[in-house]
Each structure stands twice: as structure tokens, then as C-alpha cells.
Amino acid sequence: MTEFIQHIVNGLSFGAIYALIALGYTMVYGILQFINFAHGDIFMIGAYIGYYAGNALGLNDHPSIWGFFVVLLLSMVTSGVIGFLVEFLAYRPLRKAPRINVLITAVGVSLFFEFGAQMLFGANPKAFPHLVDVSKSFYIGGVQIDSMELVVFTVTILLMLALEFVLYRTKVGKAMRAVSHDHNVALLLGIPVNMIISITFVLGSAMAAAAGILVGMSYPKLEPLMGVMFGLKAFVAAVFGGIGNVRGAVVGALIMGVSEQLIVSYGVPTFRDAFAFALLIVVLIFRPKGLFGKTLAEKV
Amino acid sequence: MEKVLELKDVSVHFGGIKCVQHVNLHLNRGEILALIGPNGAGKTTIFNVITGIYQPTMGSAEVGGQPIAGLKTHQITALGLARTFQNIRLFKDLSVRDNILIAMDRTAPSSMVASILRTRSFLAREVKKNTAVDELLEIFSLQHIDEETEAKNLPYGVQRRLEIARAIATGARTLLLDEPAAGMNGNETESLMETIRFIRKRFDLSILLIEHDMRLVMGISERVAVLEYGKKIAEGNPKEVQNDPNVIRAYLGTE
Amino acid sequence: MSVTQKSYFTWSIAIFLGVLFSEVLYPGLNGYYQGILMVAGVNIMLATSLTLINGFTGQFSLGHAGFMAVGGYTCASLTIYLLPKLGLSPLGIGFFYAAALIAGGIVSGICGYLVGLPSLRLKGDYLAIVTLGFGEIIRVIFLNVDAIGGARGLTGIQNFTNQRWIVACTLICCFIMFRILGTNQGRGMQAVREDEVAAEAMGVNTTSTKVGAFVMSSFFAGVTGGLYAHYYGYLNPSTFGFMKSFEVIVIIVLGGLGSVSGSILAAIALTILPEALRPLQEITKVDFRMILYSLVLILFMLLKPNGLLGRHEISYYWKKFRRSKT
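Residue numbers (numbering that gives the first Met the number 0), protein chains in the order written: chain B, 0 to 299; chain P, 0 to 254; chain W, 0 to 325.
Written out as C-alpha cells, the structure reads:
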């Protein structure tokens, strides 16, 4: 039993990271109805920024909690800017284009980041620096919780609370929800739609960057293609939770993290990566709107 | 008289919204029936029920005496019923001829193998279909348009005519026209009325149409049914309906 | 000349050029160029077959490499495990190989049917993700089945594929794709692409049209996989990742979605281009082929979203050109 709970805890910490990425997918989908394929690569870039910033600050030799926050913030801000640029340069000119064109562009942007990163950062894996001392572990009734997991939980919960606040307690959040209902009406009401879309991308990218830092710290191996699998799985989590639904994405991501952990522990570890896609196909066929989503019929 | 189309006590609800409530309606063979009513009265919803796009919440619909519950749209089309759309849904990037040919393919399809090998029977069918398209183009005065012109580049009124031609090309004997005269000027409407009268005779059609242009409605329909808030409030010949107090109230409001 | 006679004429020339190429031109080239041309043939088949789904029918599949893998592994398993037991004559082996290629296509086509089914409910982005997921699942499965080599890859495949096989298969594939245009099948697919609701209302069975496109497209991808396997003599699951699918997408988008001749031209161009850039690659030590692909893809979408030829075939522009002159 303790072992089972242990797996659940480990799965939740994985799921929390998926959740941070899934939020970006779901927010962008909610507002533009398209899958930002490049989102997983922003996550990768966030991790790399953390790598360079951490090393530049010499944190590997002198881990500190403040250094960690500086790196986290730096990575989130820079990735936010990159997210903004991607939207501004690649997606905005296509606002009125057929959706398939936007989809192809997103695929293109994603490839560009992946192979640009190989050129810029090198194709070989890099070891992420130790930002904080995470060697301690805690025990609660026989269940081990690493301090890394504590960091993951704390950071994700704080970020999610912050996002929740922005979405539901501020004018910007209200405007975002309005835009996701109907661009034209929002425009008529005087909402600066383009700016709101930019903010959505910035927020989503920043969250993904945070996830990148956390992944870097937990599994200290960076690769230019690391965003692909994480991104796809986070996307599956978002669809599972009901794409466009922020809270659904979090629940979906946690379930996904835990199920993966259980598959690895009790099933066939090599099929871990296939699980997400199998889940996706099942969800899309039997409940395309996901756990908490709503579907809209096409107007005829 | 033979009923080519019948709605029996049809209701359509979307969540709590009752778009159509207990509507009974039928179309006789060879008849032109107009469905009128204020915006949002549920007219297009009824079209969508008849073409299988929506399933009625209650009640049933029959095309040519056959219940259509559970049938897909293309299966209903195969029963000899075709429609046009309020917001024009042509195959925008395809040529005028292809638009009509796609609809006509239903009447004379070839197998994949015959198509790829261009067998004699395939070629014969293509020739036959193309001749039929020529006739339709002429009836709807589309014959002078360059055949490569994409549907989206045609003037609005021409697009509406092409859409009707396309619906007839399916081989339908029952036609549903959703606001065929919308956006047309007086002259265009006049010639559209001529065309509708002509095609009814030429193709032996029964026509159910939604229209706001009262001149067209009163000019060509034998019967008129009036819908308001999803309910049928009047039905009869154009004269009767014109003088019906309920209809006057629905359109002009009460003093 | 009537339309059919003209078509016979065009195809006779195509066959003549094909024979000329495989019997005269090809043997005179050095191995390096031969290799490039074989890859070009493979890419033409992949691109024209994907045109059925992504071009004609307007669906978005990102799993073409998966179908290629299914066909390749099926075909290779047949020639490795079954062929030696039969003790066939050289001619018999040729027929067996042809049958194995078709078998690979059929198994792949069955997978196409299974993937096509969800496409009835899913549109655009969702379908893209499901097909991508299918490709990944296939890859993970092949990675884990030891009988076909697992992660080590499948070795010991005989090199049956020579230029004759590639030329013949490419010609057949292109012939069929061109011939689907202007038939009720082709028009039905285009109708689905333009407007599904209207297509249904005009009597097009959109369900069978979409699934049919998937089955046929994956059949040819499967055959191509078989040819590929017996050309290199080796298969590895990692070859068939989604990057391979992306490559095919790039080709057909640049050629013009929905244009068979466009995809053929783009397939040739995008096979030769990276090779032409190889010297530069060796200096910089990076594989910037994909960076280039992605940049070209983005720029095309922003500046020339319809690709080289748009939805039209070369003949369309030729006619237009001739008319503008008279």
C-alpha cells in the first residue's frame, strides 16, 4: 500500500509539470481554437535558458533558493517574450487564413525551434545545474517525498493560484474569457483582442518555461527534442481534461502523470510513451469534449 | 393528394431553448409551399431537421412516405430531396461545372476501377452528366460564365442561382430553398420567380421555400405556412394568410 | 485529339521516359546520384499518396511515416521469413516480392481504415494529433517486438528494389493519383474538402469518401515502405518518427496542397536541395536541412500559402498560358 501511495506521489509531481505545460495549450486553444504545436518547444527553450542562467550565476557550486527564483523568473520572462514574438510574427498575420495554414505554420515553428536549438545548443544532452540543494528527503508514514518534489509542488501550486487569480479576478482575465467566447463581439465591446491574445501567449509560454526549469532540476538532462514528448503528452492531458478548460487541463495532467507512473511501476515501462496516445485516441473517439469540456455544434 | 414531405408534431429543443414546437407540415406533390415568419422563428431549423442535420427532440419527419429518423443527410438526398443554404454553401474553390457535377455524380457514379481506367462506361456516364450540366447552366443563365471561374468569384445573385442548379442536379424531386431571393434586387427576383416556375414544370418538382420577400412568396406559392417562436400560427393560401389576424400581429405587433 | 487520346499520348510518353531513365540513364550514373534518385522516387510516392488525404480530401494526416513503417515491416517480414521456405525460381521471387509489396500495402491500408474511422468525428488539429499519435504508437510497438528486430532494427532484408521497381511503382502511383481527378471519386473528395455539410446535402457520402481516401493513401504509403525496406536492406523504427511524416507534409504543402504535379515537383526539389547543400553542411557540422525546411514552410504559409501550383495541375497553367497568348 505504501508503495502504491509512493507511486501516486511521484506520479502527481510528474503530472504537476504536465499541468504547467497543458495550461498553455488549453488557453491558446480556448482563445484561438488552434493547437500551438510550438508550445512544447517553448518549454524546451525555457529549460535551456535555465541551464545557461544557472551556470552563469554559478549556482551549480553554490546552490541557493534565491538564485533559483532569479533563474525561474528570468526563464519565464524570456520565454514569455519568445512566445509573444512567435504569435506576433508567425500566427497573427494568419488570423484570417484557413485553419490548416495556421496548423502548418505551427508545425513549421515547432520544427524551427527544435532544429534551431540543435544548432544553437548542440544536439548532445546537457546536464542541468543544481539550482537548490535537493538532497534531503522527508517521510510521511513511510512515503518518501524528495525535496525536489516539494519544490515542484510548491512552484506549480503558486503559479496555478497566480493564473487562477489573473483569469478570474482581473480585468485581463475577464477580457480573455470574453475573447474566447467571440472575437468580434469582444472587439465591439472595446476589448483589444490582439493584445489579449498576446497576453495569453505570454502567460502560457511563461508557465511552460517554469515547467522546463522544474523538469531540468528533476531529470537533469536537456535535449533539443525534449519538448516534443512532453508537449504532446501535455497536449493529450489538455484534451483529456476538455480543451479550452483551464481547470480541466490541470486535472487531466495529474491523472495522466499518475497513470504513467503506475504503468511504469506495474506494467510495461517501454509502453509508457504509447499510453498517452492510446488515451488520446480513446478520449477523442468516445468523449471528444474531454472530461469537462463542452462541444459546439457547427452552425448550418 | 400525395404528400412528398411530412412533418408530424416535430419539436426541436437545444438545451432549454425550444426552437420548434409541435409543428405539423406537409408538402403535396407538385406544390410550392412557402414557410415564412420573423427571424428566429425556427424556419431554417425545420430545414435542418428535414435534411437530417438535426434530430427532432420529438415527432418525426417523412420524405416520400419514408421516415427519415436515423438517416444521414446523403441518404435523405438519395430519397430525392435536396436543399440550398441561407448563407450559400457552394464549393467555393471549385469551378461552376464541378459544383454541379459533384451533385450529379450521385445519379451516375462509376466504380473506382472504372474511373481510373477510364472505361467506356465511365466515359459514357461523364458525357451524359456533362450534357445534363449544360442544360442546367442554360436554364439558370449560367452558360456564359467561363467554366474555370471559381464559385467564390461569382456575383452574389449568380451564386444563389448556381446553388439551386446544384440542388436540382442531385436528381431531387423535392427542393428546399432557403431564402433564394435574399440579396437580390427587384429584377433579379422577378427572373428568379420565372426560373422557379419553369424548373417546377421541367423537372416535375415540389418546392418548400423559406423567404422574406413577400412579393415572391405571394407571387409563386400555392400555400403559405407561418411560423412564430417555433410554433405554426397560420397556414393556407396566400390570401387567407395575408388577412389572418395572428399573422398581422406577428409581423406588425399589436396596437 | 479527344481527351482520352491525349491522355493515352501523355502516359505513353511518361512510360517511354520511365524506361529510358531506368534502362539507359540510370545505369550510367554513379552510386551517389543513383541513391538520390531512388529517394526522390520514394518521396514522390509518399507525397502523391498523402495528397489524397491532405490535398484532395482536406483532412490533415501527420501519420504517413507510420503507414510506411507498417508496409515496410510487413513486406520485409514476408521476404525474410516466408520466402526462403518456398524455394522459388528467380522469376518466382520477383512475383513473390510484388505480392509481398501489395500485402504490405494492404496491411497498411487496414491500418488506414482504422485511423480513418476517427476522422469521421474529428477535424483539423484533432485529426492531425490522432494520426501523429498513431504513428508514434506504431513506432513504439515496432520498438518492442523482438521478432522484427526491436530497437536494433530489422536486418537481413534482401536488396530486391532496383530502379525498375521504383520507376514502375512511381509511375503507377502517379497515374492513379492523376486519374482520380475528374472522376466522381475525386470530385467527392474535393467536395468534402470544400464544405462537408454541403457535400452531404448534395448526396456525397462523406464518411466513405474520407475513409476511402485514408485507405488508398495508406496502401501506397505501405507499398513505398516495402520498396524502401528492400532498397536499404535495413529497417529501424526511429526512421519512421514523425519527422518523416513532417517531411512529406512539407513537400506537399510547398508543391501546393491538392496538386499532384506540384507534389511531384516539390518531392524532386526537396530531395535534391539538401544534397546540394551538403557541402555547406559538412563545413558547419550541423544538419540544418530541417531548419531550412521549417523556415521555408513558415515563409510559404505567410507569403504564398497555396504553394507552388496551388490546387491546380501544371496542365491548368499550360492551358491558361496558351489562352493568354491567343
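The beta carbon of each residue, even a glycine, is placed where N, CA and C say it ideally should be.
- Closest option to B/SER78, judged by alpha-carbon separation, among B/MET159, B/GLY39, B/GLY266: B/GLY39.
- Restricting attention to B/ARG98, B/LEU102, B/ALA252, B/PHE276, the CA atom closest to the CA of B/ILE20 is found in B/ALA252.
- If you draw a straight line from the Cα of B/LEU71 to the Cα of W/PRO278, it is about 41 Å long.
- Bridge pairing for P/HIS25: P/GLU5 [DSSP].
- Residue environment analysis places B/ILE156 among the exposed positions, since fewer than 16 neighbouring C-beta atoms fall within 10 angstroms of its C-beta.
- Shown in chain order are the members of the segment 117–132 of chain W whose Cβ falls below 8 Å from a Cβ of chain B: PRO117, ARG120, LEU121, GLY123, ASP124, TYR125, ALA127, ILE128, VAL129, LEU131, GLY132.
- Contact between the segment 143–158 of chain P and the segment 85–97 of chain P is present: three or more C-beta pairs spanning the two stretches fall below 8 Å.
- Counting of Cβ neighbours within 10 angstroms places P/PRO179 among the buried residues, the total reaching 16 or more.
- Around W/VAL252, the beta-carbon contacts reaching into chain B at under 8 Å are ILE103.
- As computed with DSSP, B/VAL142 is found in a beta bridge with B/ILE139.
- Any Cβ of chain W closer than 8 Å to the Cβ of B/ASP40 would place that residue at the interface, and such an atom is absent.
- With contact defined as three or more Cβ pairs closer than 8 Å, the segment 217–226 of chain W and the segment 160–180 of chain W are in contact.
- By the criterion of at least three beta-carbon pairs nearer than 8 Å, the segment 24–35 of chain P is in contact with the segment 203–222 of chain P.
- The bridge partners DSSP lists for P/HIS12 are P/LYS17.
- With its beta carbon less than 8 Å from one in chain P, W/GLN189 belongs to the interface.
- Cβ-Cβ separation between B/ALA277 and W/ILE136: approximately 6 Å, consistent with a contact (criterion under 8 Å).
- Its chain contains ARG271 as the residues whose beta carbon lies nearer than 6 Å to that of B/VAL263, once the 5 sequence neighbours on both sides are disregarded; these appear in chain order.
- Ranked by Cα distance from P/LYS2, the first of P/GLN54, P/ALA233, P/GLY63, P/LEU78 is P/GLY63.
- B/LEU119 and P/PHE46 have their C-alpha atoms spaced approximately 59 Å apart.
- In this structure, the CA atom of B/GLN143 is about 13 Å from the CA atom of B/SER12.
- With contacts defined by Cβ atoms closer than 8 Å, W/ILE290 and B/PHE111 form a contacting pair.
- DSSP, read as helix, strand or coil, puts W/ILE250 in helix.
- For P/LEU24, the closest C-alpha among the options P/GLY252, P/GLY182, P/ALA233 is that of P/ALA233.
- By the C-beta criterion, the segment 92–107 of chain W is judged not to be in contact with the segment 266–280 of chain W, since fewer than 3 inter-stretch pairs fall below 8 Å.
- For B/ILE103, no beta strand (DSSP E) run applies; the uninterrupted alpha helix (DSSP H) run containing it begins and ends at 98–120, by DSSP.
- Of the other Cβ atoms in all chains shown, fewer than 16 fall within 10 Å of the Cβ of P/GLU146; this residue is therefore exposed.
- Only exposed fits P/HIS143, as fewer than 16 other CB atoms lie within 10 angstroms of its CB.
- Per DSSP, reduced to three states, the secondary structure at P/ALA60 is strand.
- When Cβ-Cβ separations below 8 Å define contact, W/TYR292 makes contact with chain B.
- Against chain P, the CB of W/VAL214 has no partner CB under 8 Å away; the residue lies outside that interface.
- Unbroken alpha helix (DSSP H) stretches of 4 residues or longer found wholly inside the segment 100–125 of chain W: none.
- The beta carbon of W/PHE239 sits no closer than 8 Å to any beta carbon of chain B.
- Identification of residues in the segment 294–307 of chain W having a C-beta nearer than 7 Å to some C-beta of chain B yields LEU294, LEU296, ILE297, MET300, LEU301, PRO304, given in sequence order.
- By the criterion of a C-beta distance shorter than 8 Å, P/THR43 is surrounded in its chain by GLN85, ASP177, ILE209, once the five residues flanking it on both sides are discounted.
- If you check the CB distance, P/VAL126 and P/ARG96 do not come in under 8 Å.
- Within the segment 172–201 of chain W, the residues whose Cβ lies closer than 9 Å to any Cβ of chain P are, in chain order, PHE174, ILE175, ARG178, ILE179, GLY181, THR182, ASN183, GLN184, GLY185, ARG186, GLY187, GLN189, ALA190, ARG192, GLU193, ASP194, VAL196, ALA197, ALA198, GLU199, ALA200, MET201.
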